[in-house]
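Under UniProt numbering, the first residue of the sequence shown carries the number 1, and numbering increases by one thereafter.
Virtual Cβ for every residue (Gly too), placed ideally from N, Cα, C.
This report concerns only the one structure given below.
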Amino acid sequence: MFEAKPKAHRLGWAVVGCGWVARDYVIPALQGASNARLAALCDANAEALLRIPADDVARYTALGSVLADKAVEAVYIATPNHLHAAMTEACAAAGKHVLCEKPMAVTPRDGLRMVSACQRAGVHYATAFDQRHHAAHRKLRTLVKEGVLGTVTQARIHYACWLPADWTPDNWRIDPEQAGGGAMIDLAPHGLDLLEVVLGDEWESLSAMTQRRVHAYAVDDGAVLMGQFRSGTLGLLQVAYNCPDAYPRRTLELIGTKARALAYKTMGQTPGGSLSLTDARTGEETSIHLSPEEDRSPFLNQLEAFSACVLEGRPQPYAPERDVRLVGLLTQATQDGKAYPSCH
C-alpha cells in the first residue's frame, strides 16, 4: 500500500498550530531528527509564527497554503480538538501524511471520518501519543513482555496539573466547544493509550466520574477513570487540572505477582524521571538505568518512528481504528459517568 522513499530522503514536515507543545517540543524535535526536517509552520496568529526560531522555513496563516507547498509531505496537527477531523480530511485529500495530537477527535464519528479520508488517499495516519515513546515506558513494556512482573493485576496512573482559566490568553482547553471537555478529554487519552501499549492488552470496559471542584469554568477540572482489560487486569486513571504543580502528580504503577514497577516523573513531555522495580518476595527496590542514548525526547522518538514508516513504505505499528476505539470508550464513559456539580 505504501511506497518506500530513497534512503537519503528526509521527510518534509509542516506543523499546523504553533502553541506551546508545538513550540517547545515538536518543532525542536523536527529540527533534531535524523530522517525528518521542518519545512513549514502554520498558525492563524501571524505574530506567534514570527516568535518561533526556525531559519529557512515557510510560514503560513492558512492551511490551504501549507497543502499547496510541495516541500510538505507530512503534517503535525496541533490545533484545538474540534478542528482535527476537518484538517485531517484536507491534509489527506492533498496527499499529506498526518500525525494528529490527541485526542484524535471529539467523537468516534469524527475519528472514523479521519481514518476513512486517510485510507482513501493512501496516506499514513497516527495519533500523537508521545508517552509511549518515552524511554522508561518502552523499557517497562519490555519488562512486562518478558514476564519480569509476573501476572499484572492492577495498573494505576496519576497524571495531573494546575490549569487556571487565565493560564494562557486564549485557553481553548477549557472551552467546551473547542476542546470537547476538560481535564478528562485532554489528559486521559495518554493514559488509556499508554497502558494498552505497556501491557500489550486492550481495555474491555471503562467508567468515569468527573468533577468541577476548584476552577470556575464550564468543563471538568478533575476525573477518575476505572476499567478492566481483556486479560482481567484492573486499570485506574486519575487526571486533573486542579492539582498544584508542587505535588507529586506524574506516576505510573504496575502491580505484579513477581514485582511492582513504578515510573515517576516520566509522564509528560520531557525525557528523564525514574523507573524502579520492587521484588515481591524480598521487598528490595532496584532502579532501572536508562542510558543517555535511550533517554531522548519522546517527541523526537515519535517523529522519527512515524517518518521511518513513511520513508520505508511500511504501516504504522498501531492501526488508526484502534484510536477510534479509544475515543469511543472515553466518550461512552463520559456519557455514562457521574458528573458532580460545580462548587461555585
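Tell me, please, which residues DSSP counts as bridged to residue i.
i: E253; result: R156 and L262
i: Q228; result: S205 and L234
i: D130; result: Paired residues: none, contrary to the question.
i: H97; result: A74
i: V327; result: Partner(s): none; V327 has no beta bridge.
i: L275; result: A263
i: residue 402; result: Look at the range of the chain in this structure, 1 to 344, and you will see that residue 402 is not part of it.
i: T286; result: L277
i: Q211; result: G222
i: N171; result: Partner(s): none; N171 has no beta bridge.
i: V239; result: Y159 and A223
If I measure Cβ to Cβ from residue i and keep anything under 6 Å in the same chain, skipping five residues before and after, which residues do I get?
i: A126; result: L99, F306 and Q316
i: P176; result: A218 and V219
i: residue 412; result: Residue 412 lies beyond the range of the chain shown here (1 to 344); nothing can be said about it.
i: T286; result: L277
i: G180; result: N81 and V106
i: L163; result: Y241
i: A62; result: none
i: L262; result: E253 and S276
i: P320; result: V115 and Y125
i: L290; result: A135
Am I right that residue i and residue j are in contact with their C-beta atoms under 8 Å? What's the rounded C-beta distance?
i: L38; j: W13; result: 6 Å
i: A240; j: A259; result: A240 to A259, Cβ: 28 Å. No contact.
i: C161; j: D245; result: 6 Å
i: A86; j: L206; result: About 27 Å; that fails the 8 Å criterion.
i: F129; j: H84; result: Actually they are not in contact, since the Cβ atoms of F129 and H84 sit about 14 Å apart, beyond 8 Å.
i: L112; j: A90; result: About 16 Å separates the two Cβ atoms, so there is no contact after all.
i: G150; j: G256; result: 4 Å
i: V324; j: V115; result: 6 Å
i: A188; j: L254; result: Actually they do not touch by this definition, with Cβ atoms about 18 Å apart.
i: G328; j: P108; result: 4 Å
Short of 7 Å in beta carbon distance, which residues of its chain neighbour residue i, apart from the five on each side in sequence? Order them along the chain.
i: L303; result: A29, L30, A33 and A36
i: residue 393; result: The first residue shown for the chain is 1 and the last is 344, placing residue 393 beyond what the model contains.
i: D201; result: F229, R230, S231 and T233
i: A78; result: V15, V16, G17, G19, V21, A22, V26 and E101
i: G337; result: S207, A208, M209 and T210
i: E204; result: Q228, F229 and R230
i: L199; result: V144, V152, A155, F229 and T233
i: G95; result: A121 and V123
i: G273; result: A136, A263, Y264, K265 and T266
i: I52; result: C18, R23, I27 and L41
i: G64; result: none
i: H9; result: L311
i: A308; result: N35
i: R213; result: D221, G222, N242 and C343
Given residue i, which residues of its chain have a CB within under 8 Å of its CB, disregarding the five upstream and five downstream residues?
i: P271; result: H134, A135, D295, R296, S297 and P298
i: V310; result: F2, K5, L11, E73, A74, H97 and H124
i: G313; result: F2, E3, A4 and K5
i: A165; result: N171, I174, H215, A216 and Y217
i: A117; result: T88, E89, A92 and A93
i: L140; result: V198, L252, L254, A261, A263 and L275
Would you say residue i touches the ligand PLP, meaning its beta carbon is less than 7 Å from a heavy atom?
i: H84; result: Questions concerning the ligand PLP fall outside what the structure shown contains, since it holds no ligand whatsoever.
Between residue i and chain B, is any beta-carbon pair separated by less than 8 Å?
i: D336; result: Of the protein chains in this structure there is only one, and it is not chain B.
inquiry  = So, does the region 264–274 touch the region 231–250, judging by three or more C-beta pairs under 8 Å?
reply    = yes
Does the region 120–139 come close enough to the region 219–238 that 3 or more CB-CB pairs lie under 8 Å?
-> no
If you pair each beta-carbon of the region 207–225 with each one of the region 184–191, do three or more pairs fall below 8 Å? yes
- Segments assigned alpha helix (DSSP H), at least 4 residues, entirely inside the region 7–87: 27–32, 46–50 and 63–67
Spell out a yes or no on whether the region 27–45 and the region 57–64 are touching, meaning 3 or more CB-CB pairs, one atom from each, closer than 8 Å. Touching, yes.
(Q) Any contact between the region 189–200 and the region 142–161? By contact I mean 3 or more CB pairs, one from each, below 8 Å. (A) Yes, the region 189–200 is in contact with the region 142–161.
Practice task
Enumerate, from N- to C-terminal direction, the unbroken beta strand (DSSP E) stretches of 3 or more residues contained entirely within the region 105–130.
Solution key: 125–128
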